[in-house]
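A short worksheet on the structure shown next.
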Amino acid sequence: MAEIKERQFSKPVRKTKLESLRDFIWNSETGECLGRTLGSWVKIVIFYIIYYACLVAFWTGLLLAFYQTVDDTKPTWRLTASLIGNSPGLGFRPRPPKENAATSLIWITHNKKKSWKHWVKSLDEFLEPYQGKHQDENLSSTCGFDQGPGKGKVCHYPMDLIPVNCTSAQSYGYETGHPCVLIKLNRIYDWVPEPFDNESLPEDMPEDLKQNYDPRFVYITCAGENPADRENIGPISYYPSQGIPSYYFPFTNLPSYQSPFIFIHLEMPVKGILINVECKGWASNMAYDRKERLGSVHFEILVD
357 MAEIKERQFS KPVRKTKLES LRDFIWNSET GECLGRTLGS WVKIVIFYII
407 YYACLVAFWT GLLLAFYQTV DDTKPTWRLT ASLIGNSPGL GFRPRPPKEN
457 AATSLIWITH NKKKSWKHWV KSLDEFLEPY QGKHQDENLS STCGFDQGPG
507 KGKVCHYPMD LIPVNCTSAQ SYGYETGHPC VLIKLNRIYD WVPEPFDNES
557 LPEDMPEDLK QNYDPRFVYI TCAGENPADR ENIGPISYYP SQGIPSYYFP
607 FTNLPSYQSP FIFIHLEMPV KGILINVECK GWASNMAYDR KERLGSVHFE
657 ILVD
């Protein structure tokens, strides 16, 4: 009994921090390394190998099941079944610099290269894929209303039909203060424009367009957004025409496909005044809402 009491009330051994660390790394008395015996380490390593292997197998199985429902070339949900919907919006180029990406203002001072150099470069970069050297002859073909692109091909966009005053050679008119702005329809997979009935054209369609309406085209019109803007914007020309031929649709994600577009040429915008411009697309299956910017695009232009 005396021996037991002596052991129970014996003074604990005090160790220095270095000795405690040494014993934690390797305790020769208990045979523990980092607080565990060899058998304990073997068991825990085997456990985590099995655990993570099961976890990887589980998520791999889910990914494989998911990819069985996804097509690399077309979306699973299209048109009305998709979040994008079945009414394409419009876009414009050139876009403002990255530091002003939140704005839609095109601001130039003609005859000052620094003010218009960005806009020309932006258009050059956007149009580079449209150039002949980037068009694969095996994937694109010349189209017409009586001749489509053929299976697996896309319609070649004829850049040579655009007049010289809206080309890079003439700085797209930005150097002289008569800028060209590119307007395009945003891509929606499988969307095909539906024409209006010639007997029931929209009441708000411009009169000159009503008189020359051709159901084979998707038309785009641009004008000043407000009465003052309409007075200041001056005459507008459309290149290569005001309408985009319907044979460029639908977009089906084929290689070499380039979105069709038109150039609007602001021939005589009033200098020194901010002009709000709205461009609108015309097809019976294009929704239009100015507040939501459906079927239209807005930008401002200022020529100093």
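The sequence shown begins at 357 in my numbering and counts up by one.
Heads up, the beta-carbon is just placed ideally off N, CA and C, and yes, glycines get one too.
Give, in chain order, every unbroken run of the beta strand (DSSP E) that is at least 3 residues long and sits entirely within the region 584–621. 592–595 and 599–601
Rounded to whole angstroms, how far is the Cβ of CYS522 from the Cβ of PHE619, which I believe are closer than 8 Å? 4 Å
Member of ARG649, THR416 and ILE544 whose CA lies at the smallest distance from the CA of GLU634: ARG649
In the DSSP assignment, the beta strand (DSSP E) including ALA579 goes from what residue to what residue? 573–580
Beta-carbon proximity list for ASP585, same chain, < 6 Å, skipping 5 on both sides: ILE631 and ASN632
Among GLN567, LEU435, LEU461 and GLY651, which one has its Cα closest to the Cα of VAL537? LEU461
Taking the straight line between their C-alpha atoms, what separation do you get for VAL412 and GLN424? 18 Å
Report the partner residues of VAL653 according to the DSSP bridge assignment. CYS635
Would you kindly work out how many angstroms separate the C-alpha atoms of LYS454 and CYS410, rounded to a whole number? 46 Å
Could you tell me whether the Cβ of ALA579 comes closer than 8 Å to any Cβ of chain E? Any reference to chain E falls outside this structure, which holds one protein chain only.
Strictly by DSSP, which residues pair up with LEU541? LEU446
DSSP three-state call for LEU426: helix, strand or coil? According to the sequence as given, residue 426 is Val; it is not Leu. In the structure shown, VAL426 sits in coil (DSSP, three-state: anything other than H, G, I, E or B).
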